[in-house]
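What follows is a set of notes on a single structure, which appears directly below.
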Amino acid sequence: MAEKTPSQDKVFALLSALAVAPEPLTARALAEHTGLPLSSTYRYLATLTRWSLVQERHSGHYAPGPMAVQLAAGFEQHNSVLTWARPLLSELAVRTGESAALMMLSGRRALCVEMIDSPQALRCCYQKGHSQPLLRGASAKALLAFAEPSLRDGVLDDLAVADQVALQAELASVREQGYAVSEGEIDHNIWGVSVPVLSSREHLLGAISLMAPAARVGPAAGQWIRWTCDAAQRLGAISY
Numbered sequence: 077m078a079e080k081t082p083s084q085d086k087v088f089a090l091l092s093a094l095a096v097a098p099e100p101l102t103a104r105a106l107a108e109h110t111g112l113p114l115s116s117t118y119r120y121l122a123t124l125t126r127w128s129l130v131q132e133r134h135s136g137h138y139a140p141g142p143m144a145v146q147l148a149a150g151f152e153q154h155n156s157v158l159t160w161a162r163p164l165l166s167e168l169a170v171r172t173g174e175s176a177a178l179m180m181l182s183g184r185r186a187l188c189v190e191m192i193d194s195p196q197a198l199r200c201c202y203q204k205g206h207s208q209p210l211l212r213g214a215s216a217k218a219l220l221a222f223a224e225p226s227l228r229d230g231v232l233d234d235l236a237v238a239d240q241v242a243l244q245a246e247l248a249s250v251r252e253q254g255y256a257v258s259e260g261e262i263d264h265n266i267w268g269v270s271v272p273v274l275s276s277r278e279h280l281l282g283a284i285s286l287m288a289p290a291a292r293v294g295p296a297a298g299q300w301i302r303w304t305c306d307a308a309q310r311l312g313a314i315s316y
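Sequential numbering from 77 applies to the sequence shown in the numbering used here.
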């Protein structure tokens with residue numbers, strides 16, 4: 077018999093779907109996205125609305141509510157990894173002239189929690205608050221490779237067998253070399269390197285990613301990878 081999904085997980089599945097949606101969604105669209113019955117979707121939305129985690133907008137469309145602002149403020153104020161990461165990201169961005177980001181796991185997605193933009197006009201358009209599935213791109217693969225096995229297995233289980241084998245091989249390579257590199261996997265002609273940030277007990281705290289137009293990388297790739305690895309190692313050493 078299949079294990080029943082707890083009600084609280086269904087509530088947070090709705091909240092997560094709204095958080096990553098590019099625009100407000102109707103209850104029907106949310107039900108289709110999460111696989112929940114429409115009646116249950118309305119019931120859970122009512123609970124989330126009472127707690128201001130969700131807000132009903134025009135014509136029955138729903139979006140994250142004002143409590144999300146307080147949650148974000150609390151995260152930024154009390155997260156030591158984020159606090160220590162900011163000067164390291166700024167240093168990396170200055171050294172390379174490119175965009176540097178701190179990525180963290182958010183469910184089965186890689187979430188950008190801090191971003192220092194390149195000063196150059198042509199740069200990666202990724203932004204703080206954006207997220208992506210844990211399947212493509214250097215950031216996703218660096219996080220997934222060093223994530224808890226249960227999360228990694230859950231992501232792999234959703235893929236076809238051939239895709240599972242290919243991704244498992246990539247993740248093994250990432251774990252062996254200690255970083256992930258990609259080019260054009262998410263945005264055309266964008267190169268990226270991502271290095272996991274590991275605590276003294278080898279616990280995954282996040283990943284530092286460097287992103288740049290591929291045409292600007294060239295021979296600098298090796299040096300940029302070393303600088304990104306250095307930033308990630310320093311962050312892991314001082315975070316707690």
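In this text, a Cβ means the ideal position worked out from N, Cα and C, and glycines have one as well. Fair warning: this is a prediction, and the values are worked out from it, not measured in the lab.
Between the CA atoms of L101 and A169 - distance to the nearest angstrom = 36 Å
query = Hey, out of R251, G282, E224, F88, whose CA is closest to P140's CA?
reply = F88
ask   = Within 10 angstroms of its Cβ, does P82 collect 16 or more other Cβ (buried), or is it exposed?
value = exposed
task = Check C200 in the structure and name its three-state DSSP category.
result = coil
query = Contact check, I23 vs S207 under 8 Å by CB: the rounded distance?
reply = Nothing about residue 23 can be read from this structure; the chain reaches only from 77 to 316.
request  = Confirm, please, whether the CB-CB distance from A214 to S285 is below 8 Å.
outcome  = yes
request  = Can you tell me which of the three DSSP states P225 falls into?
outcome  = helix
inquiry  = For the beta strand (DSSP E) containing V189, name the first residue and the last one.
reply    = 185–192
task = Could you check the C-alpha separation between Q84 and A291 for me, to the nearest Å?
result = Distance between the alpha carbons of Q84 and A291 is about 47 Å.
key: Cβ-based neighbour list, R171, same chain, cut-off 8 Å, excluding 5 preceding and 5 following   = Here the set comprises W303.
ask   = Are the C-beta of W127 and some C-beta of chain C separated by less than 8 Å?
value = No chain C appears in the structure shown, which is made up of a single protein chain.
query = Where M132 and L112 are concerned, what is the direct C-alpha to C-alpha distance, given to the nearest angstrom?
reply = Correcting the residue type first, residue 132 is Glu in the shown sequence and not Met. If I take the Cα positions, the gap works out to 19 Å.
task = Would you please state the rounded distance, in angstroms, between the beta carbons of V130 and L94? I believe it to be under 8 Å.
result = 6 Å
request  = Using beta-carbon positions only, say whether L178 and E190 come within less than 8 Å of one another.
outcome  = yes
query = Taking Cβ positions, are L164 and A283 nearer each other than 8 Å?
reply = no
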